[in-house]
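Trainee: Input: one structure, supplied below.
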Amino acid sequence: AFPGAGLWQGMISTGQPGSSQDIKPFTQQPYPLQPAVTTAISSYEPAAAPAPTAPAWQGRSIGTSKLRLVEFSAFLEQQRDPDSYNKHLFVHIGQTNHSYSDALLESVDIRQIYDKFPEKKGGLKELHGKGPQNSFFLIKFWADLNRNIQDDAGSFYGVTSQYESSENMTITCSTKVCSFGKQVVEKVETEYARFENGRFVYRISRSPMCEYMINF
1 AFPGAGLWQG
11 MISTGQPGSS
21 QDIKPFTQQP
31 YPLQPAVTTA
41 ISSYEPAAAP
51 APTAPAWQGR
61 SIGTSKLRLV
71 EFSAFLEQQR
81 DPDSYNKHLF
91 VHIGQTNHSY
101 SDALLESVDI
111 RQIYDKFPEK
121 KGGLKELHGK
131 GPQNSFFLIK
141 FWADLNRNIQ
151 DDAGSFYGVT
161 SQYESSENMT
171 ITCSTKVCSF
181 GKQVVEKVET
191 EYARFENGRF
201 VYRISRSPMC
211 EYMINF
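Residue numbers (the UniProt record's numbering): 1 to 216.
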C-alpha cells in the first residue's frame, strides 16, 4: 500500500490506532477516465449489488465468494521482563459487520497504479491479466509510526493475518515490498485450513516482519 496526500471518501474507521483504511476493487475500463459518460462502455460492467442470497459482506469488503480477508495487523511487541509488556499497532484492518444497506466498494482503474509495481514477470499487470480480476483490491491506510524505542532489546516486529473460505484448500500468501516501482523484498508463506464454526479459517500468526520494513 502507498500513502497519499489525502484519502478517498468512504473512509472506514474502527477507532483504533492505524485502523483507518479505504478499500477499492480494481476494474478495467477506458483510460483516461472521462466525466459524465452517458454511453455504455464495452467490456466494463459497473459493480452490481449481490443477490440477496449472497452474504452482505460480498462486494463490500476485501474478498470474493471464494476467499475473504478477515483481519490484518502489523505490530511491535516489547517485553523486557515478565511484568513489562507493550504492544503497538502500526496498522490494523478489521472487517465490520456489513448489511445489505451498506454501499458497495467503489471501483478504480488498475492502470492508474501500474507504475508503482514492477513490470517484470509476476508483476501486478501480469497477475491482473491472469485474473480473476474481481480479486484485486487497492487499500490505502494510515500507519501509526509514533513510537518511542530507546532499546530494541526484547522487541518483536510481526504481522498477523486471517482469512476464511467456504472451501478447504491450501493458500499461499506472498508479501512483496516495492519502492519506486522496484521490488525490494518478498516473503512467501503457506497456510492450511482449520474448520471452525462452519467455515474454513486460515491464520498466519506473528509472522516476523522483514528487516527492510523494520528499518523503514
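For every residue, glycine included, the Cβ atom is placed at its ideal position computed from N, Cα and C.
Suppose you measure from the CA of residue 62 to the CA of residue 147; what does that come to, to the nearest Å?
Mentor: The residue labelled residue 62 in the question sits at position 62 within the sequence shown. The residue labelled residue 147 in the question sits at position 147 within the sequence shown. Near 29 Å, if we compare the C-alpha coordinates of residue 147 and residue 62.
Trainee: List the DSSP bridge partners of residue 208.
Mentor: Counted from its first residue, the sequence shown places residue 208 at position 208. According to DSSP, residue 208 bridges with 158.
Trainee: Kindly indicate which three-state DSSP category residue 128 falls into: helix, strand or coil?
Mentor: Indexing the sequence shown from 1 puts residue 128 at position 128. Three-state result, residue 128: helix.
Trainee: Note down, in chain order, each residue of its chain lying with its Cβ closer than 6 Å to the Cβ of residue 81, except the 5 sequence neighbours on either side.
Mentor: Numbered from its first residue, the sequence shown carries residue 81 at position 81. Nothing meets the Cβ criterion.
Trainee: When you compare only the Cα positions, how much space is there between residue 103 and residue 175?
Mentor: Numbered from 1 along the sequence shown, position 103 holds the residue referred to as residue 103. Numbered from 1 along the sequence shown, position 175 holds the residue referred to as residue 175. When rounded, the distance between both Cα atoms is 29 Å.
Trainee: Check whether the Cβ atoms of residue 69 and residue 90 sit closer than 8 Å, and answer yes or no.
Mentor: On the sequence shown, position 69 is the one that residue 69 refers to. On the sequence shown, position 90 is the one that residue 90 refers to. No; because the gap between Cβ atoms is not below 8 Å, this pair is not in contact.
Trainee: Helix, strand or coil: which one does DSSP assign to residue 114?
Mentor: In the sequence shown, counting from the first residue as 1, residue 114 sits at position 114. In this structure, residue 114 counts as helix in the three-state DSSP scheme.
Trainee: Look at the alpha carbon of residue 138 and the alpha carbon of residue 98, and state the distance between them as a whole number of angstroms.
Mentor: For the purposes of this step, residue 138 is taken as residue 138 along the sequence shown, with counting starting at 1. For the purposes of this step, residue 98 is taken as residue 98 along the sequence shown, with counting starting at 1. Going by the C-alpha atoms only, they are around 19 Å apart.
Trainee: For residue 162, collect the residues of the same chain with a Cβ closer than 6 Å to its Cβ; drop the 5 residues on either side in sequence, then sort them by chain order.
Mentor: By 1-based counting over the sequence shown, the position of residue 162 is 162. Here the set comprises 70, 71, 203.
Trainee: Taking Cβ to Cβ, would you say residue 141 is nearer than 8 Å to residue 165?
Mentor: Along the sequence shown, read from residue 1 onward, the residue named residue 141 stands at position 141. Along the sequence shown, read from residue 1 onward, the residue named residue 165 stands at position 165. Not in contact: residue 141 and residue 165 (Cβ atoms no closer than 8 Å).
Trainee: Give me, in chain order, the residues of the same chain whose beta-carbon lies closer than 6 Å to that of residue 124; leave out the 5 immediate sequence neighbours on both sides.
Mentor: Here residue 124 refers to the residue found at position 124 when the sequence shown is read from its first residue. Closer than 6 Å at Cβ, skipping near neighbours: 117.
Trainee: Out of 66, 211, 198, 130, which one is the CA nearest neighbour of residue 155?
Mentor: As a position in the sequence shown, residue 155 is number 155, starting the count at 1. The shortest Cα separation from residue 155 among 66, 211, 198, 130 belongs to 211.
Trainee: Which residue comes first and which comes last in the beta strand (DSSP E) that contains residue 98?
Mentor: Mapped onto the sequence shown, residue 98 falls at position 98. No beta strand (DSSP E) contains residue 98, which DSSP labels as neither H nor E.
Trainee: For a quick check, are the C-beta atoms of residue 188 and residue 177 less than 8 Å apart?
Mentor: By 1-based counting over the sequence shown, the position of residue 188 is 188. By 1-based counting over the sequence shown, the position of residue 177 is 177. Here residue 188 is not near residue 177, since their CB atoms are 8 Å or more apart.
Trainee: Quick one, are the C-beta atoms of residue 190 and residue 134 less than 8 Å apart?
Mentor: The residue given as residue 190 occupies position 190 in the sequence shown. The residue given as residue 134 occupies position 134 in the sequence shown. Contact flag unset, no.
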